[in-house]
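Comments concern the structure below.
Protein chains: 2
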Amino acid sequence: MTRRRKIIVIGGSAAGPKAAAKARRINNSAEIIILQKDADLSMASCGYPYYVGGCFNDRNMLLCTGTGVTRNPMFYINAKNIEAKVNTEVTQIDRTKRTVAFRNIISGETGTMNYDKLIIATGSVPRMPSVPGVELEGITTLQSMKDADFLRNIRDAGKIKKAVVVGGGLIGIETCEALQLAGIEITVIELLPQLLTFLDWELAKLVENHVKSKGANVITDNGIAAFLGEKGKLTAVKLQNGTELPCELAVVAIGVMPNIKLAQEAGLKIGTLVGLDVNEYMQTSDPDIYAVGDCVETINRITGKKVLAPYGDLANLQGRVAGENAASENCVTFPGTIQTGICKVFDYVAGSTGLSETAAKKVGFSNIITVINASPDKPGFMGGKLLVTKLIADKKTGRVLGAQCIGPGNVSKQIAQWAMAIQGKLTIDDIINADLPYAPPFSLAIDHFITTAHIMQNKMKGRLKGITSMEVWQKVLEHEKPFLLDTRSPEEFEEMRLGIGEILIPLGALRKRFQELPEDKNREIICYCKISLRGYEAALALEGNGWTNVKVMEGGIMAWPYAREK
Amino acid sequence: MTRRRKIIVIGGSAAGPKAAAKARRINNSAEIIILQKDADLSMASCGYPYYVGGCFNDRNMLLCTGTGVTRNPMFYINAKNIEAKVNTEVTQIDRTKRTVAFRNIISGETGTMNYDKLIIATGSVPRMPSVPGVELEGITTLQSMKDADFLRNIRDAGKIKKAVVVGGGLIGIETCEALQLAGIEITVIELLPQLLTFLDWELAKLVENHVKSKGANVITDNGIAAFLGEKGKLTAVKLQNGTELPCELAVVAIGVMPNIKLAQEAGLKIGTLVGLDVNEYMQTSDPDIYAVGDCVETINRITGKKVLAPYGDLANLQGRVAGENAASENCVTFPGTIQTGICKVFDYVAGSTGLSETAAKKVGFSNIITVINASPDKPGFMGGKLLVTKLIADKKTGRVLGAQCIGPGNVSKQIAQWAMAIQGKLTIDDIINADLPYAPPFSLAIDHFITTAHIMQNKMKGRLKGITSMEVWQKVLEHEKPFLLDTRSPEEFEEMRLGIGEILIPLGALRKRFQELPEDKNREIICYCKISLRGYEAALALEGNGWTNVKVMEGGIMAWPYAREK
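Chains D and S, in that order, give the protein sequences.
Position 122 (the first sequence) corresponds to 122 in the working numbering; numbering is contiguous.
Position 426 (the second sequence) corresponds to 426 in the working numbering; numbering is contiguous.
Here it is as structure tokens:
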């Protein structure tokens with residue numbers, strides 16, 4: 001009888017347990033052991049902000065299966081025949097001897113254990129700003145169950161009045177919402193000029209406006225200079241521009257770094273982004289060692305370049321791949337990521353898949369075309385809500401490179417559709433006649449996703465000459481004075497308007513009021529309406545009547561990120 | 001100067017106005033005229049059931065733009081420079097003279113009008129059963145604005161107590177819900193053995209169970225024999241098996257037929273399905289005549305065969321294609337349909353895209369493989385709701401042929417994902433590592449869609465030996481006595497169970513209780529749990545310990561369509 005294969009998994013959060021479970025399903029006879037530093041196993045860490053925010057109250061829901069069984073060592077041994085040792089930190093990997101040394105962090109007990117295959121799932125460590133005061137009481141991250149407990153207690157105690165969230169990324173925004181819901185006055189500070197860098201600036205600005213409308217403060221373009229305190233306790237956050245924000249709590253969410261200490265000490269190859277280097281089998285430079293989750297570098301499927309993509313869904317998928325390969329032989333591969341992400345932001349959702357315009361340009365795509373579509377997710381009579389989508393495509397081939405979507409509408413479905421389009425390598429032409437599930441409770445007859453492709457097609461064919469809100473604002477600031485034509489109704493104009501020197505001529509009256517338009521048929525005219533559909537029709541009518549330089553402001557007023565007159 | 005092109009559109013509901021609007025955007029100088037038989041234009045006819053059901057009360061919302069402007073002739077002329085003649089029935093198309101004859105159905109006025117390009121968008125007519133009594137007062141369809149008004153008045157009057165819906169398709173189910181919500185006792189009768197034929201039987205049965213749980217009656221496998229009445233008024237519906245159902249209202253929803261009368265009289269080619277035959281440009285057998293919407297036959301993109309697909313979204317997309325071709329020259333094409341459909345059913349949603357198992361077999365796919373996945377759309381702590389998906393793939397290539405999904409969860413997103421996968425010609429291997437938008441408010445870390453592909457992959461690789469609920473039930477009926485193993489907890493078993501002779505051994509205790517399993521290692525063992533994930537793990541453990549004939553009942557109890565013991 002052959003000896004049982006021994007598979008050791010270091011890390012028991014997301015990728016590790018998934019790898020172990022998959023290994024068990026593939027290999028019934030293997031000995032499978034999870035070594036987990038924390039007290040808990042298989043925590044739903046992406047759920048922490050919702051626990052902190054009071055979306056649910058039973059902490060155990062973060063730790064249990066769908067039928068309410070806690071995923072503790074007893075569960076793992078009984079249900080999966082996997083030995084899980086918690087509170088057990090691995091202190092060394094000896095690749096020559098194929099052993100790991102470990103230490104129980106409660107009892108101090110140490111030991112070593114041999115392996116045939118090792119799976120490293122050590123996750124990530126939160127980045128901390130290197131500023132004075134970082135050790136003060138009242139500063140935390142939201143990375144561990146302990147952090148979640150700490151913040152949830154703060155919520156329940158209801159004593160803290162002011163908090164600062166350092167970092168305006170996914171976790172920062174989710175934490176902001178959670179604490180704001182707890183009645184704490186929040187300020188989010190972000191070093192970069194925008195929140196949520198998976199979005200381009202103009203969409204991020206719309207999200208920022210929404211966050212502010214919910215009562216939270218947002219400060220961008222301004223990093224943290226110091227944490228200030230008294231008697232060891234945080235009292236304020238000092239910004240790089242000198243501003244001091246009094247607060248009793250600061251949550252640092254400026255990103256995470258792959259936790260590669262063990263792997264590095266064991267001499268495994270580390271990539272240029274300082275994550276573990278793995279091949280398509282999730283195998284490290286040592287063929288007996290696999291690595292998965294936040295600690296690895298992953299291929300971006302669009303650019304072919306390595307990226308850090310610390311997302312829970314990828315961790316699980318990678319775990320499944322490594323688990324199977326470790327339990328049999330290299331037979332399944334992980335294709336990489338298109339960096340799909342999504343984030344609830346109060347009543348908005350913000351999501352992205354593929355490349356943003358900024359990201360595409362950064363990696364060298366030069367011939368790209370973008371478009372913005374603002375329109376509802378469902379008919380008005382079914383309570384449709386606004387979506388603002390920005391689509392990025394290759395100008396020559398029409399291949400979809402990326403899409404971002406924000407708004408109170410069903411963003412998740414939109415992003416899922418774009419993600420599948422990108423993974424199917426679809427072009428705009430493939431999407432314009434897509435057959436999607438239509439009924440009024442779920443979408444418009446032509447879904448927002450398809451309409452976005454239609455607008456892109458019109459732009460690619462030169463029919464729609466788009467101009468971005470940013471370009472229009474630049475013209476206003478530089479007193480270029482294009483002829484700005486708002487094509488909505490007087491009632492709409494009275495209720496809400498940009499106030500940047502625009503003239504109101506409702507679309508329905510336009511053909512009778514051409515004489516109010518510039519005599520100079522070559523003068524630049526910029527048309528828009530609420531979402532710029534009427535704006536587009538106006539532009540076509542003007543072009544059909546001789547004006548030669550007519551543009552449509554993409555997304556209309558709904559995608560205007562700047563302050564409005566009303 | 002060249003003469004203005006004259007484009008006439010017959011039909012003003014969905015496809016017609018879209019064709020006209022697109023033609024205008026492509027050709028600013030053309031003369032564009034819509035001839036519409038009804039009084040209204042561009043009605044959101046898919047919204048009728050929701051108006052009838054009281055989902056909204058403002059009738060005008062079915063007829064107005066997103067900003068509240070009614071799409072009447074005034075709107076069309078002012079905003080789009082399109083002449084729309086309502087109450088105007090086209091009585092003849094003279095292809096030789098290139099004219100249409102029309103008649104105002106209010107004034108009786110007649111006339112003829114020449115065209116350069118004609119677009120036929122005459123829609124469909126509801127099928128009516130050829131049974132006695134069909135002329136009785138109290139029998140209606142839900143096809144027109146007039147029908148919607150009639151049923152809405154019935155709802156508001158609150159006098160009618162009992163109604164029968166004849167036909168259990170999309171419109172039948174939507175109507176059932178609308179009237180049920182109005183407090184009317186409803187019976188849906190369906191000639192076929194199931195509701196919603198875009199689903200396979202076992203999923204349709206789960207929907208039927210849900211409809212019944214909402215208090216509506218459902219009678220399948222039983223058609224209508226006669227409408228019975230007194231003094232010209234409906235008093236009952238008589239079924240083919242002799243049952244009489246007393247009722248004051250009957251809504252007939254047994255499908256629609258392409259309205260091809262005009263086209264047929266004009267000698268245009270009609271297809272074998274008795275819809276207008278069109279090419280990829282939406283062009284009829286007469287090059288100057290296009291046709292769009294419910295009146296045409298469309299290509300099924302998976303089978304390459306013509307189908308009738310009377311859906312509002314396709315009508316709009318086809319209208320857009322025909323509008324552009326008619327306004328310029330044949331330059332854009334419509335690729336066909338994958339017959340994606342969706343339907344709200346009280347608290348459930350039922351959707352389908354591509355081929356059902358039944359449909360796939362009917363068109364000759366012989367080497368197919370199917371799988372059922374029952375699991376939630378989101379984590380339990382975020383209020384996740386059940387989804388039951390049936391996936392159909394080509395067994396050899398793994399290409400996705402179709403997917404159906406039902407349940408209280410986010411079915412619409414699931415179906416959209418499958419629809420994009422089918423349109424991208426993706427295989428199961430392409431989907432197992434899909435990168436989709438994950439955050440707890442929106443999905444599980446591994447989305448239900450991906451999990452479905454995982455289960456399919458396990459089945460294709462022979463790891464999961466699936467058995468359907470129907471096969472299990474057949475064995476029970478035939479007293480075959482397989483060893484039925486329920487792997488849930490005693491608490492779950494106490495709360496809900498099939499009661500078909502199963503033995504309860506919780507997964508966590510299984511490895512210690514192997515002695516309770518059949519001594520004969522070749523005996524058929526069928527494992528399941530709530531959703532059959534634990535059932536699968538149990539099956540693997542049994543196989544790992546020598547049992548050779550172990551199956552997993554797909555979808556577990558959640559996908560069991562028959563009555564349960566409790």
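For glycine and all other residues, C-beta sits at the position ideal for the given N, C-alpha and C.
Just so it is clear, the structure is predicted and the values come from calculations on it, not from any experiment.
Any 3 or more C-beta pairs closer than 8 Å across the region 513 to 529 of chain D and the region 162 to 181 of chain D = Short answer: they don't touch.
Since Cys-343/S is in the beta strand (DSSP E), which residue starts that stretch and which ends it?
-> Numbered from its first residue, the second sequence carries residue 343/S at position 343. From DSSP, the beta strand (DSSP E) with Cys-343/S extends over 341 to 345.
Of all the CB atoms in chain S, is at least one closer than 8 Å to the CB of Leu-387/D?
-> Within the first sequence, residue 387/D is the residue found at index 387, counting from 1. When Cβ-Cβ separations below 8 Å define contact, Leu-387/D makes no contact with chain S.
Could you check how far apart the C-beta atoms of Asn-367/D and Lys-395/D are, in whole angstroms? I think they sit under 8 Å.
-> Translated into the one-based positions of the first sequence, residue 367/D becomes position 367. Translated into the one-based positions of the first sequence, residue 395/D becomes position 395. Confirmed, Cβ separation roughly 5 Å.
contact_flag[the region 230 to 248 of chain D, the region 398 to 417 of chain D] where n(CB pairs < 8 Å) is 3 or more | Contact between the region 230 to 248 of chain D and the region 398 to 417 of chain D is absent, because fewer than three Cβ pairs lie under 8 Å.
Compute the distance between the beta-carbons of Cys-86/D and Asp-38/D, then report whether it is under 8 Å.
-> In the first sequence, the residue the question calls residue 86/D occupies position 86. In the first sequence, the residue the question calls residue 38/D occupies position 38. For the sequence presented, residue 86/D should be read as Val rather than Cys. Contact flag set, yes.
Rounded to whole angstroms, what's the CA-CA distance from Thr-91/D to Arg-98/D? Just pull it up for me.
-> Start at 1 with the first residue of the first sequence, and residue 91/D comes out as number 91. Start at 1 with the first residue of the first sequence, and residue 98/D comes out as number 98. Rounded to the nearest whole angstrom, the CA to CA distance from Thr-91/D to Arg-98/D is 14 Å.
Hey, would you say Glu-208/S sits closer than 8 Å to Val-218/S, going by beta carbons?
-> In the second sequence, residue 208/S corresponds to position 208, counting from 1. In the second sequence, residue 218/S corresponds to position 218, counting from 1. Yes, the pair counts as a contact, with Cβ atoms nearer than the cut-off.
Within-8 Å CB hit, Lys-465/S to chain D | Start at 1 with the first residue of the second sequence, and residue 465/S comes out as number 465. Taking 8 Å as the CB threshold, Lys-465/S stays off the interface with chain D.
Quick one: grab the DSSP three-state call for Tyr-290/D.
-> Indexing the first sequence from 1 puts residue 290/D at position 290. In the three-state DSSP reduction, Tyr-290/D falls in the strand class (E or B).
Straight-line Cα distance separating Lys-261/D from Thr-272/D = The residue labelled residue 272/D in the question sits at position 272 within the first sequence. The residue labelled residue 261/D in the question sits at position 261 within the first sequence. If you draw a straight line from the Cα of Thr-272/D to the Cα of Lys-261/D, it is about 15 Å long.
Given that a residue counts as buried once 16 or more other Cβ atoms are within 10 Å of its Cβ, and exposed if not, what is Glu-537/D?
-> Position 537 of the first sequence, counted from the start, is the residue given in the question as residue 537/D. With a threshold of 16 other beta carbon atoms within 10 Å, Glu-537/D meets it and is buried.
Indicate the three-state DSSP secondary structure (helix, strand or coil) for Phe-75/S in the structure shown.
-> To locate residue 75/S, count along the second sequence from 1; it is residue 75. For Phe-75/S, the secondary structure class from DSSP, reduced to helix, strand or coil, is helix.
Below 8 Å on the Cβ atoms is my guess for Asp-200/D versus Thr-358/D; work out the distance and round it to an integer in Å.
-> For this step, residue 200/D is matched to residue 200 along the first sequence. For this step, residue 358/D is matched to residue 358 along the first sequence. Going by Cβ atoms, the distance from Asp-200/D to Thr-358/D rounds to 6 Å, so yes, they are a contact pair.
Any 3 or more C-beta pairs closer than 8 Å across the region 74 to 82 of chain S and the region 287 to 294 of chain S = Contact between the region 74 to 82 of chain S and the region 287 to 294 of chain S is absent: fewer than three C-beta pairs spanning the two stretches fall below 8 Å.
Can you tell me whether DSSP reads Leu-62/S as helix, strand or coil?
-> Position 62 of the second sequence, counting from 1, holds the residue named residue 62/S. Helix, per DSSP.
Buried versus exposed call for Lys-18/D [16 or more other C-beta atoms within 10 Å across all chains shown] | As a working note, residue 18/D is residue 18 in the first sequence. Burial check for Lys-18/D: the Cβ neighbour count within 10 Å reaches 16 or more, so the residue is buried.
On a CA-only basis, which of Ala-14/S, Ile-8/S, Val-166/S and Ile-10/S is nearest Leu-314/S? Give me that one, please.
-> On the second sequence, residue 314/S is found 314 positions in, with the first residue counted as 1. Nearest in C-alpha terms to Leu-314/S, of all of Ala-14/S, Ile-8/S, Val-166/S and Ile-10/S, is Ala-14/S.
Along chain S, in chain order, which residues have C-beta atoms closer than 8 Å to that of Arg-564/D?
-> The residue given as residue 564/D occupies position 564 in the first sequence. Close partners of Arg-564/D in chain S (Cβ separation under 8 Å) are lacking, with about 17 Å as the shortest Cβ gap.
Closest Cα partner of Cys-295/D within the set Leu-276/D, Glu-280/D, Lys-305/D and Tyr-311/D = The count along the first sequence starts at 1 and reaches residue 295/D at position 295. When Leu-276/D, Glu-280/D, Lys-305/D and Tyr-311/D are compared, the shortest CA-CA separation from Cys-295/D is found for Leu-276/D.
How is Leu-203/D classed by DSSP in three states: helix, strand or coil?
-> The residue labelled residue 203/D in the question sits at position 203 within the first sequence. Here Leu-203/D carries a helix assignment [DSSP, helix/strand/coil].
Please name the residue in Arg-25/D, Ser-328/D and Gly-47/D whose C-alpha comes closest to that of Met-145/D.
-> For the purposes of this step, residue 145/D is identified with residue 145 of the first sequence, where counting begins at 1. Residue Gly-47/D is the option with its Cα nearest to Met-145/D.
State the Cα-Cα distance for the pair Met-1/S and Lys-22/S, rounded to the nearest angstrom.
-> Here the question's residue 1/S lines up with position 1 in the second sequence. Here the question's residue 22/S lines up with position 22 in the second sequence. Below a pLDDT of 50, predicted positions are generally treated as unreliable, and Met-1/S, at 47, falls in that range; no measurement from the model is reported.
Test: Asn-433/D CB closer than 8 Å to a CB of chain S | Position 433 of the first sequence, counted from the first residue, corresponds to residue 433/D. With 8 Å as the cut-off, Asn-433/D counts as an interface residue toward chain S.
With DSSP collapsed to three states, give me the class of Met-553/S.
-> Here the question's residue 553/S lines up with position 553 in the second sequence. Reduced to three states, the DSSP call for Met-553/S is strand.
So what's Arg-103/D in DSSP terms, helix, strand or just coil?
-> Looking up residue 103/D in the first sequence gives position 103. DSSP places Arg-103/D in strand when its eight states are reduced to three.
Mind pulling the chain S residues with CB within less than 8 Å of Glu-492/D?
-> Within the first sequence, the letter at position 492 stands for residue 492/D. Going along chain S in sequence order, the residues near Glu-492/D (Cβ under 8 Å) are Thr-67.
Chain-ordered residues of the region 333 to 346 of chain D with a beta carbon less than 7 Å from chain S | Answer in chain order: Phe-334, Pro-335, Thr-337, Ile-338, Thr-340, Gly-341, Ile-342, Cys-343 and Lys-344.
From this set, Met-456/S, Cys-64/S and Gly-54/S, which residue's C-alpha is nearest Asp-149/S's C-alpha?
-> Here residue 149/S is taken as the residue at index 149 of the second sequence, counted from 1. Closest option to Asp-149/S, Cα to Cα, is Gly-54/S.
Quick one: is Arg-4/D buried, meaning 16 or more other Cβ sit within 10 Å of its Cβ, or exposed?
-> As a first step, residue 4/D must be located in the first sequence, where it is residue number 4. The residue in question, Arg-4/D, is exposed, as its Cβ has fewer than 16 Cβ neighbours within 10 Å.
Taking Cβ to Cβ, would you say Gly-16/S is nearer than 8 Å to Ile-105/S?
-> The residue labelled residue 16/S in the question sits at position 16 within the second sequence. The residue labelled residue 105/S in the question sits at position 105 within the second sequence. Contact flag unset, no.
May I ask you to list, following chain order, the residues of the region 287 to 320 of chain D that have a beta carbon less than 8 Å from some beta carbon of chain S?
-> Here the close residues are Arg-301, Tyr-311, Gly-312, Asp-313, Leu-314, Ala-315, Asn-316, Leu-317 and Arg-320.
Contact set between Lys-80/D and chain S, taken where Cβ atoms lie within less than 8 Å = Locating residue 80/D in the first sequence gives position 80, where the first residue counts as 1. Glu-537, listed in chain order.
Would you decide whether Ser-443/D is buried or exposed? Buried here means 16 or more other CB atoms lie within 10 Å of its CB.
-> The residue given as residue 443/D occupies position 443 in the first sequence. Taking all protein chains in view, the Cβ of Ser-443/D is crowded by 16 or more other Cβ atoms within 10 Å, so the residue is classified as buried.
Sorted by chain position, which residues of the same chain lie with C-beta nearer than 7 Å to Phe-334/S's C-beta, five sequence neighbours on each side aside?
-> Here the question's residue 334/S lines up with position 334 in the second sequence. So the qualifying residues of the chain are Glu-280, Met-282, Leu-317, Gln-318 and Val-321.
For the alpha helix (DSSP H) containing Tyr-51/D, list its first residue and its last residue.
-> Looking up residue 51/D in the first sequence gives position 51. Where Tyr-51/D is concerned, the enclosing alpha helix (DSSP H) stretches over 48 to 52.
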